[in-house]
Amino acid sequence: MNLGKQKNSSKVGTPPGELIYTGKLEPSKAIINVVSYDQHTYNIRENVDPDFLKTLDKNKIHWIDFENVSDPDKLTSIGEIFNIHKLTMEDIINVNQRTKIEFYDSYTFLVLKIISDSNEKLEFRQFSMIIKENILISFSEEKNFATKWLKTQLESNAGDIRNKDLGYLTFSLMDIVVDSYFSKLSNYISYTQEIDEKITEDIEEELFIKIKKIKQEILRFRRFVAPLKDILFQMQKKEKGIVNEKNQIYFNDLYDHTIRISESIDLLRENLNNLTEIYLSIASNRLNEIMRILTIISTIFIPLTFIAGIYGMNFENMPELHWRFGYFLILGIMATIAVIMIIIFKKKKWF
Amino acid sequence: MNLGKQKNSSKVGTPPGELIYTGKLEPSKAIINVVSYDQHTYNIRENVDPDFLKTLDKNKIHWIDFENVSDPDKLTSIGEIFNIHKLTMEDIINVNQRTKIEFYDSYTFLVLKIISDSNEKLEFRQFSMIIKENILISFSEEKNFATKWLKTQLESNAGDIRNKDLGYLTFSLMDIVVDSYFSKLSNYISYTQEIDEKITEDIEEELFIKIKKIKQEILRFRRFVAPLKDILFQMQKKEKGIVNEKNQIYFNDLYDHTIRISESIDLLRENLNNLTEIYLSIASNRLNEIMRILTIISTIFIPLTFIAGIYGMNFENMPELHWRFGYFLILGIMATIAVIMIIIFKKKKWF
Amino acid sequence: MNLGKQKNSSKVGTPPGELIYTGKLEPSKAIINVVSYDQHTYNIRENVDPDFLKTLDKNKIHWIDFENVSDPDKLTSIGEIFNIHKLTMEDIINVNQRTKIEFYDSYTFLVLKIISDSNEKLEFRQFSMIIKENILISFSEEKNFATKWLKTQLESNAGDIRNKDLGYLTFSLMDIVVDSYFSKLSNYISYTQEIDEKITEDIEEELFIKIKKIKQEILRFRRFVAPLKDILFQMQKKEKGIVNEKNQIYFNDLYDHTIRISESIDLLRENLNNLTEIYLSIASNRLNEIMRILTIISTIFIPLTFIAGIYGMNFENMPELHWRFGYFLILGIMATIAVIMIIIFKKKKWF
Amino acid sequence: MNLGKQKNSSKVGTPPGELIYTGKLEPSKAIINVVSYDQHTYNIRENVDPDFLKTLDKNKIHWIDFENVSDPDKLTSIGEIFNIHKLTMEDIINVNQRTKIEFYDSYTFLVLKIISDSNEKLEFRQFSMIIKENILISFSEEKNFATKWLKTQLESNAGDIRNKDLGYLTFSLMDIVVDSYFSKLSNYISYTQEIDEKITEDIEEELFIKIKKIKQEILRFRRFVAPLKDILFQMQKKEKGIVNEKNQIYFNDLYDHTIRISESIDLLRENLNNLTEIYLSIASNRLNEIMRILTIISTIFIPLTFIAGIYGMNFENMPELHWRFGYFLILGIMATIAVIMIIIFKKKKWF
Amino acid sequence: MNLGKQKNSSKVGTPPGELIYTGKLEPSKAIINVVSYDQHTYNIRENVDPDFLKTLDKNKIHWIDFENVSDPDKLTSIGEIFNIHKLTMEDIINVNQRTKIEFYDSYTFLVLKIISDSNEKLEFRQFSMIIKENILISFSEEKNFATKWLKTQLESNAGDIRNKDLGYLTFSLMDIVVDSYFSKLSNYISYTQEIDEKITEDIEEELFIKIKKIKQEILRFRRFVAPLKDILFQMQKKEKGIVNEKNQIYFNDLYDHTIRISESIDLLRENLNNLTEIYLSIASNRLNEIMRILTIISTIFIPLTFIAGIYGMNFENMPELHWRFGYFLILGIMATIAVIMIIIFKKKKWF
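Protein chains in written order, with full-length UniProt numbering: chain A, 1 to 351; chain B, 1 to 351; chain C, 1 to 351; chain D, 1 to 351; chain E, 1 to 351.
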C-alpha cells in the first residue's frame, strides 16, 4: 500500500513558498530543452541556460521541457524569468499535489500524474505544465515517455502538429498521458481476467492478496484520474484560454477518454469485489468438503472401534467370546453397521 | 469477466485520427446498402459503390446501412463524401466507445451498443449512426437484427413509417435496440427466478458462481444502458434537431423504456445480492448440520470406548472382572450413559 | 423473487402502438361504469356501451370506471372517443409501466400500481387514469377495492365529495391507493417485529429465508412508491392542472404520506439488514457452542482412553499390572487427570 | 425493533380529516393551560375552558399548552376557535407524523418528536405547535419535561424571556427538545464507549445484540432529527415569519446543534459498525483458539492410543511382548513421539 | 472510541448564553498576550490585564492570544470589551463545537480543532478565533504549538509576515493547524503501511484491533477536517472580509491542502477496509490449514486403531491370532492402509 508520501512532516511550520523537493528520486541537476516552431521553421536546443529563455521569439510557439524538478536553483530562475508565483513554484517541486488546474492572471498551471516507466511497480511522477501566452513549460521529475514522444511528433510533424496552436500542443501532452493510463489499466484488466479464469481451479492465499493489491492500486489510480474530468470542464469554460473553437473537438475527445477510464475503473473495482467474494466462497467450500469427508470417516470408525473395545474387555463371564463363530459374527455386525452408516450418509447427500 | 477490450495499448502514441479497427471480429469488406423513400416512392439499392452516395436526391429520406466497419478504405470514402470529422471516423472504427451522442455543426453522431445475435455469450457490438440533413447513416460491425428488421419495416411500410420523418427513422432504430435489451434482460430475470426457486434445495458451488457471473454481465449491461437516459435528454434539448413536436411523444416513450430497464437492472442486482447471501447462509447451514450430527455421534461413543478400554486393561487385581454379571452390568451402564447423553443433547436441541 | 414480467420478448420488433395485454390475468370483457354528479344531482350507470360516452354532459363531473383493460376492442373505442394517443393506449394495456405521470396537450395520463386484493401473495395491478376536462377515466386490470370504495364515497357523499372538483376526485383515488400501501407496509412491519422478538430463541434456516423474502418484497414496493413523490411534485408545478388552490392542501397531505412511506421502507430495510446480521451471528454462536462442548468432552476422554490402552497392552513385563492396587491407582490417576482438565478449561472460560 | 405504529389499517378508507388518536397512550381528558405575558405583566391560568381562548388580549403574547391530544372534542373546539384546517387537526391527533413544518396562510404548523420521560425504553411522543399572530399553541400527548421547563422559565423570567418575542418563545421550546436529544444521545455514546472498553475481555452473544439494539434505536433517532435541519432552513427563508433579525442568532445556534447531533449520530453508527466487526472477529478468534488447542490435544493422543492398541492385540507371535524391557521401550517411544509432535506444532506456531 | 464529550446533560434546561467550560482539562487562570505590529514596529506584551485591551492602537494589527478558555471571568471581560454576542462566548467556552465559521455584523467567528501536543493519544482541543477590524483574537484551551509558532514567525518576521494584512495573519494560523493535520495523518499512513507489510507474516488479534482503532481515529479526524473546505469557500464568498485579492492565493493553497487531506483520509479508509478483509482472510486460512492437517492425522489413525482394536478382542476362535506371521501381516496391512490414505489425500491436494 502506497498512499503517496505526504507533505513532509519536517515541513510543518516553514513559511509557505519554500522550495523543497518531496519526491522519491535522487535530486539531480535540471536539464532544460527548448523546442521552437511555427508553420515554417522548427528547431530544438538542448540543455540551455535559463538565461536563454529571456530571448524567446514572441511569434513562435515554444515548448520548454524542464527535466528534474529536484533542482531548486534552476527552478527559481525559471520562476523569476516567467514571473511565476512562489506558491506555484512550491507546487511544482513539492510533487505531492493533486491532479489540478489553476488559472492565474498571466498563466495557467496544470498538474498531472504520469506513470513512471523506470520502474516495475506502479509509481506516479508529477508532471506539471505552465501555459503562458505562446509558451508551454513542462516540468517532470525525470526523463519520461511523454516528452520523448512529443519531441518525435514535433520533429516528424506527425498529425500536422506544427501547424496547430499552443492549445493543441497542450492537448497532445495531456493525451499521451491519458493514453498511458489506458494501457496500464488494460494490463490490470487482462490480469484480472486471468485471475477470473483460474480462480475456480487454483485457490491459494496469494491469489486473494493479489486481488486485494490490484484493488489498492486501482484506488490510487482513480485518485489521479477522477479530477481530470473536472479539469477539462474548467478548461472549456475559461473564455479565451487554451481551448478554442478549432481544437475543442480534440479536448472533447480527451474528455470522452477520461470518462471511459473512470467507468473502466469502476467496473474493474466491482469485478474485483466480485472475485473476492467468489474466492472466499470457493476457499471455504474446498475446506468444508475436506472436513466433511474426514469427519465422515471418523464417524464411521468410532462406533466400530467401540465394539472392538467391548470384546477386548477381560471379564470372565462374556458368553459371546466362547461362541464358535462369535468373532466372525461380530466382524459381520461391524461390516453391516458400516454399510448402513454409509447408506444413510449417502441418502442424506452428505458425501 | 469481460470488460470490453480497451483501446489497444499498441495505439498509445499514434496521433489522433488514425483508423484502426479494435473489435473482435475478423476484418472483412464493407457492404453499403441504401434505402431511399418519400411518401410516394421507395427503393433499396444493395452493395452500392461509395461514389453512388454523392448523387442522393435531396428531397427524399435516405438510410445508408454501412455493414462491417472493419474496412477502413470504404469508411474513409464515406467520411470524405459526407465531410465527417476524422475523430468521428476514429470513434466509428475504434469500437470501444461509450454509449454517447455528439452534436457537430453539420451532423449528429450517436453511438449505441447492440447485442450480438451471432453468439451464445453476451457480446455487444458497436452500432453508430450519423444523422445529417435528410440522411441517416448507420455503421455496424456485422450483419444484425436491427438493420434487418428496419428493412422489413420500411418495405412493408409498417406503422406508416415511410410517411414519417428522419427523426422517426432514428427513433425506430434506437427503439429496436432498446427492445432487444428488454428481451435479454428478461432472460436474466427468469434465469434468476429459476435459481431463486431451486436455491433452497440444491446448494452447489456452481450455483454461486452462476449468480456471480450474471451479476458481472448485468454490470456490463448497465454500463451501456446508463448513458441512454442522458442521451435522450440531450436530443430533446437541442433546438432544431432530430426530435421535434411530431415525434417527441415517441422519444418520450423510449425515454420511459430506458428508465424501466435501469430500474430492472438495479432491482435485479439487489436480488442477486440477496441470493448470494441466501446461498452462503444455506450452504453454511447445511455443512454445520452435518458436522453437528457427526460430532454428536463421536461424542456419544468416545466415553463408551473409554469404559471398554478400562476393562480391557490387564491388571491382575480388577474385582469387577470376576463378578458374575460384571460384563452385563457394564453393558447396561454403557447403554444408560448413551441414553442419558442422547436425552441431554435432545433437550438442548442439539439435534 | 418476482420482478414483474418484462415487456414480452415476443413484442420485440412490433411497431409501437399495438394493443397487447401483458398482465397475468385471464383476458375478459371490459365493463364500463359511469358516475356523473354535480352539487345537486348524482347518478350511476353500470356497464354502459362505449358510444354512450359521447353524450356526456359538459357541466357535470364524470368518472368513467373502465374495468378489465385486457379487452383491446372497448379500449380502442374509448381511445377514439376521447382522442387518446395510441402510445397512451399501449401503456394502459401493457401493464408493465412504471408509476408515472405524463402531461399531454388535451389530457393528463397517470399510472399507479394497486395492490391486488384477490391474492394472498403481494401482487400489484396497474391502475391508470386519464384526466381530461371534466372527466376522469380510471382503467383497472380487475375489480378492486379502490373503485369500490370511491363509489361508496360518492353515493354517500362522504366528506362532501360531490361538492368538490375533479382534482379532489383524482386525489381521492390516489389517496385510497396510498392508504393501502400504508396498511400493507404495516403488515410487513409487524411481521418483522415478530421475527425480531423471537429471533433470539428460535434460530431456523426458514427464518433467514423469510427475512430475505420480505426484503425482496420491500424492494418491489419501493419501486412503485419512489416515483410518487416526483409525480405529486410535477402535478403541483403544472400551471392550470388538477391541483389548484382549493385542493392543494389535500395533495400536500398526500405528498407527506408518500414521504412517510418512503421513510418507513428505508427504515424497514435497515432493520431487516440488522436482523440478517443478528440471525447469522446467533446461528453461528449456537453452533459454535455445541461444537465447543462436544470437543471438550472428546478432549477429556481421549487421554484417559490412551491410559486405558496402555494397560491393555500384553507385554509380559509390566510391573504395574501386578501391583495390588494398580488398578485402583490408575482409576484414581484418570479421575485426577479428568478433574484437572475440567478445572483448566473452566479457568480458561472454555465452558 | 419499533418503527412507530403506522397509520392504522382500520383508517384506510375513512375520508381525510377525521380525528382519531393513533398513539400508544390511554386516551384521557385534555388539559388547557394559558400563559399570557408582556414586558410588564405575567399570569398563568390552568385548566381553562376552550371558550376562554376567544377572549385573549391581542397585545400580549399567549402560550396555550394543550395536554393530552387524545381528546378529540376539546381539540375540535380549539380548531374552530383558531380556524385551523381539519387536515392540520388530523395531523395533531394522528401522532405518527414526520418531523415537519407547514406554512398556512394564517398560521404555521410545526411537528416535533419529544422523548418520553415516563418510560425506561426510548419512546417518542409527538409534540406539535401552531404559531398564529401573538399566540403559540403547543399540543402534547402527555405531561412532559418541555412544557414544565418552559413554565419555570417564564415564571422566573430566566434569560429575560418575557421581554422577547413569540419567535424566541418558539425557539425556547424547540431548543429544550433538541437539548434533550443531546442528552439522550450522549447516553448512547457513553454506553457505546463502555462496550468498546470491555469488548476485548468479555465476548458474549448479548453484547452483540446490545450493539444491534443501539443501532436500531439510533436509526429511529436519526429519522426524527434529520428533517430538523431543513425545517430550520425553511423557517429562516419565510419572509415575515417566526425568525426575525433579533432572534435569528438563536435559531442559527439551534441549527448548529442539529448539525452536531446529525454528525454525532453518523459517527456513532460508524463506530457501532466497527464494534460489530470487532466483536465478530474476536468471538471467532476465541472459538478458534479453543478448537485449535483441543484438536492439538486429540491429535497428540490419537497416534499414541494407536500404538497402545497394537500391543493390546492378542497375536500369539508378537516378539516385542516378550522382550524384557519391551514395555518401557514402548513407553519411551510414545513419549518421544509426543515430544516430537509438540516440538513440530510449536515450531509451526500452532500453539 | 472517543466521540468527543457531548454537551453536558446537566446543561439541558439552562438558558442559552451561560458560560460553562465543557472540556477535559483542569480549569485554570486565563493568560492574555498581545502582539501588536505594523510595517515599522513590533512589540509583544505578555499576561496583560483585560482592561489594557481597551487602549489598542487602531492603526496597528493586534493579535490577542487568549490561553485557557476555562476562565469564564476573563472571557466575559473580553466579550464585553469587544462587544461579542453571548452565544459566541458560549461557543468559545463550550469546546464541543463543530469546525465552523459564523459571520456576525461586527466580527467573524471561526472554530477550528487543534491536535493536542501534550498527550500521546489523539486528542483535539478547540481553537477559536474572532476577527474584528484590525484585531485577531485567538482562544485556546491550553498552551499549544500553533500560537508558539506564530509568535516566532512574527518576531523573526519570517515570510515578511509583518508587512502583510490581518487576513494573512489569519491564514497563517489556519495553515499551521492544517499542516499539523498533514503530519498526524502521515503518521497514520506510515503506520498503516507497516501493518500492510507485516500482515502476511504476523496474524494476531491485536493487529485487527489496531486496524480498527486507526479507523476510528480517522473517522474523528474526518469529522473535523470535512467542514474546512466549506469554511474556506464561505470566507472567499464574503464580500469585504478576511480574504482579499492580495492574499486570496494563499487561501486557495490552503483550500487545496484541505482537499488533499480529505482525499488521503478517504484513501486511507479504503486501505484500512482492505486490510481488514486481508486480515480476516489470512487469519481464517491459517486456522483452516492447522485444522486440516490435524484432522488428516486423526483420520489416518482412526481406522488403524480400529484394526488394532479388532485383534485386541478376546474371542476364543480367532484364527488370525494363531498364524505365525499374523502380527506382521496386520502391521503390514496397517502400513499399506496408511500409505494409501496419504496418497489419496495428496492426490486430492488435501495437504
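Just so you know, even glycine gets a beta-carbon here, dropped at the ideal spot from N, CA and C.
- For C/F182, the enclosing alpha helix (DSSP H) stretches over residues L166 to K198.
- In the structure shown, B/T305 falls within a helical segment according to DSSP collapsed to helix, strand and coil.
- Ranked by Cα distance from C/A308, the options C/V178, C/V339, C/L329 and C/E270 are led by C/L329.
- Any Cβ of chain A closer than 9 angstroms to the Cβ of E/R292 would place that residue at the interface, and such an atom is present.
- With contacts defined by Cβ atoms closer than 9 angstroms, A/E316 and B/G326 form a contacting pair.
- Excluding the 5 residues flanking it on each side, B/N68 has same chain C-beta neighbours closer than 6 angstroms at S28 and A30, in chain order.
- Secondary structure at C/Q234: helix, using DSSP grouped into helix, strand and coil.
- Counting of Cβ neighbours within 10 angstroms places D/E90 among the buried residues, the total reaching 16 or more.
- Neighbours of A/D256 across chain B, judged by C-beta separation under 9 angstroms: D91, Q97, R98, K100 and E102.
- Taking a cut-off of 8 angstroms on C-beta distances, the segment 222-237 of chain B touches the segment 254-261 of chain B, as three or more cross pairs fall below it.
- Taking CB atoms only, C/F315 has a neighbour in chain D less than 9 angstroms away.
- In the DSSP annotation of this structure, D/K347 is not part of any beta strand (DSSP E); the continuous alpha helix (DSSP H) holding it starts and ends at G326 to K347.
- Within chain A, the residues placing a beta-carbon under 7 angstroms from that of E/G309 are T305, A308, G309 and G312, ordered along the chain.
- Using beta-carbon distances, C/L112 does not count as an interface residue toward chain B, since no partner is under 9 angstroms.
- Residue pairing from DSSP places C/T108 in a beta bridge opposite C/F103 and C/I131.
- Contact annotation: the segment 262-279 of chain A touches the segment 206-214 of chain A, with at least three C-beta pairs closer than 8 angstroms.
- Excluding five sequence positions before and after B/I189, the CB atoms of its chain that fall closer than 8 angstroms to its own CB belong to S264 and L268, given in chain order.
- Here DSSP, grouped into helix, strand and coil, assigns D/E67 to strand.
- If one requires a minimum length of 4 residues, the alpha helix (DSSP H) runs lying completely within the segment 266-325 of chain B are 319-322, in chain order.
- Annotated three-state conformation of D/V48 is coil, per DSSP.
- For E/T152, the closest Cβ of chain D is not nearer than 9 angstroms.
- D/K113 sits buried, since 16 or more C-beta atoms from the chains shown fall within 10 Å of its C-beta.
- Here E/L207 carries a helix assignment [DSSP, helix/strand/coil].
- D/Q126 carries a strand assignment under DSSP once its states are collapsed to helix, strand and coil.
- Under DSSP, A/I32 takes part in a beta bridge, and its partners are A/F66.
- When rounded, the separation of the alpha-carbon atoms in C/N247 and C/T108 is 17 angstroms.
- Per DSSP, the beta-bridge partners of B/I114 are B/R125.
- A/E141 sits buried, since 16 or more C-beta atoms from the chains shown fall within 10 Å of its C-beta.
- Neighbourhood of E/S298 in chain D, by CB distance below 7 angstroms: S298, T299 and I302, in chain order.
- Collapsing the DSSP output to three states places D/L150 in a helix.
- In this structure, B/I337 sits near B/P303, with a CB-CB distance shorter than 9 angstroms.
- Per the C-alpha coordinates, the member of C/S281, C/I32 and C/E277 positioned closest to C/K143 is C/I32.
- Contact annotation: in the segment 212-236 of chain A, residues whose CB is within less than 7 angstroms of a CB in chain E are K212, K215, Q216, L219 and R223.
- Closer than 9 angstroms to the CB of C/R260 there is at least one CB belonging to chain D.
- The three-state reading of DSSP puts A/N59 in coil, since its state is none of H, G, I, E or B.
- For B/R324, a Cβ of chain A is located within less than 9 angstroms of the residue's own Cβ.
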